[in-house]
Amino acid sequence: MVFKSVGLTSHIYNNNLRSLMLLAGFPLLIFLMILAFCTGLYGFGMITPKQLPWAEAFDQGWLLSLRYGYWALIGAAIWFTVAYFFHTQLIQKMTDAHPVTYEEEPELYRLLENLCISRGLTMPYFQIIETPALNAFASGINEKTYAITVTRGLLQALDKDELEAVLAHELTHIMNKDVRLLIISVVFVGMISFFCEMAFRSMVYGRHGRSSRNEKNTGAMYLLAFVILAIGYVFAILIRFSLSRKREYLADAGAVELTKNPEAMMRALMRISGHDTIDNLPEDVELMCIENTSGFMGLFATHPPIQRRIETISAMTGTPIPTLSRANPSSHENPWQ
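So that you can map any letter, position 212 of the sequence shown is 212 in our numbering, and since no number is skipped, the others follow by simple counting.
Dropping the structure here:
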């Protein structure tokens, strides 16, 4: 017995809706942050001889935002366009991943090819990160850019059935449109952080050369800079939380549905557990991985605990949790023999 596809259509619909909301809402968010920044400049008297009442400061900030804010929006649009269409190259650069061909990894390609044929999907590209860590992730925005990246350690540690389950998990992320939503959110989070950092630096370092009449407002300037920076990071966190952890449970379910082998999915997760950390991997890329070790008691975790995922697979399929028959093989062993 395998998972029932309950809520899968709703999940795909919600992912598409969230993508559209991010695309539509981000320009508004950028403008509101510029408006808050400009209002603060007038309200704290940073560009005027004296502090203005907040109602008047808002009016002046509104006019200043309309006058110069479109430059920030143009810059954001250029940033998004470049990142959106060249994210594959950017991810390769950040992770040191390299493409592999059928001739180099025929078994790997055959496993994924069979899964794609069963669902009538176009084959994603394959990439490998040369690291002993055990992890994998999917990326891309359409059939021309979809890619599945695995680590060398994963290929060496998992047997054929376990690796097939991991590939099915990542393929499900592609089918569910999880990867497109993640790419969009990662680009937006990066832009928010950058703009907030620039606003912070411009206010903190811009105090040099100010006249003495404004020196008394230095404390207010630092406060505004901190508030702008904090707002940006809060929005970044909210965007991360909008990427429901349910996506991992549904990807596990999709893997079981594709392979008809819940035990292999559980074994794969057991082997990955505790061995998933890739050195120097950017935080944004960690969002895409099959496992991302949580910090701070899991409060800000982007993935549910692996043990809970294993228990969920076991409960929903009626399959006992397996006991690993062997430890992760060393690099010189062939795990598919």
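For glycine and all other residues, C-beta sits at the position ideal for the given N, C-alpha and C.
- Residues Leu111, Leu112, Leu115 and Ile148 of the same chain have their beta carbon placed closer than 7 Å to that of leucine 167, with the five preceding and five following residues left out of the count.
- Counting only runs that start and end inside the segment 263-324, the alpha helix (DSSP H) elements of at least 4 residues fall at 283-286 and 306-317.
- Taking C-beta atoms as the reference points, tryptophan 62 and leucine 35 count as a pair closer than 8 Å.
- Inclusion of histidine 275 and alanine 55 in the CB contact set at 8 Å is not warranted, their separation being larger than that value.
- Judged by DSSP secondary structure, phenylalanine 58 falls within the alpha helix (DSSP H) whose first and last residues are 54-85.
- Residues of the same chain with a CB within less than 7 Å of the CB of glutamine 51, apart from the 5 flanking positions on each side, are Gly43, Phe44 and Gly45 in chain order.
- Residue environment for alanine 315: exposed (fewer than 16 other C-beta atoms within 10 angstroms of its C-beta).
- The segment 142-160 makes contact with the segment 122-133; the number of CB pairs closer than 8 Å reaches 3 or more.
- Bounds of the alpha helix (DSSP H) holding proline 106 are 106-119.
- For glutamine 127, the secondary structure class from DSSP, reduced to helix, strand or coil, is strand.
- With contacts defined as CB atoms closer than 8 Å, asparagine 176 and arginine 271 fail to qualify as a contacting pair.
- The shortest CA-to-CA distance from aspartate 178 to any of Pro49, Ala268, Gly254 and Thr259 is the one to Gly254.
- In this chain, the alpha helix (DSSP H) harbouring valine 256 covers 246-259.
- One thing to note: leucine 182 has its Cβ within 8 Å of the Cβ of leucine 287.
- Here phenylalanine 194 is not bridged, per DSSP, to any residue.
- When DSSP reads this structure, valine 150 sits in a beta bridge with Ile128 and Ala136.
- Annotation for aspartate 161: the continuous alpha helix (DSSP H) segment containing it runs 160-175.
- Within the same chain, and ignoring the five residues on either side of leucine 41 in sequence, the residues whose Cβ sits closer than 6 Å to its Cβ are Ile47.
- Per DSSP, proline 99 is one residue of the beta strand (DSSP E) stretching across 97-99.
- A straight-line Cα-Cα distance of about 11 Å links tyrosine 84 and serine 139.
- Between the segment 92-101 and the segment 59-77, the count of C-beta pairs closer than 8 Å stays below three; the two stretches do not touch.
- Listed in chain order, the non-local C-beta contacts of phenylalanine 58 below 6 Å within the same chain comprise Thr39, local neighbours out to five positions each way being set aside.
- Excluding the 5 residues flanking it on each side, cysteine 289 has same chain C-beta neighbours closer than 6 Å at Asn135 and Phe137, in chain order.
- Shown here, glutamine 51 sits in coil according to DSSP, grouped into three states, outside any helix or strand.
- Non-local C-beta neighbours of aspartate 284 in its own chain, meaning closer than 6 Å and more than five positions away in sequence, comprise Val186, ordered along the chain.
- It is roughly 7 Å from the alpha-carbon of arginine 267 to the alpha-carbon of glutamate 162.
- Setting aside the 5 residues that flank it on each side, tyrosine 102 is surrounded in the same chain by Tyr109, each with a C-beta closer than 6 Å to its C-beta; the list follows chain order.
- Phenylalanine 226 has its alpha-carbon roughly 38 Å from the corresponding atom of isoleucine 174.
- Our two residues, phenylalanine 26 and serine 193, have alpha carbons roughly 13 Å apart in a direct line.
- Shown here, isoleucine 141 sits in coil according to DSSP, grouped into three states, outside any helix or strand.
- Counting the other CB atoms within 10 Å of its CB gives valine 82 a total below 16, which places it among the exposed residues.
- Assigned with DSSP and collapsed to three states, threonine 88 falls in helix.
- The DSSP-derived three-state label of glycine 45 is coil.
- For tyrosine 102, the three-state secondary structure derived from DSSP is coil.
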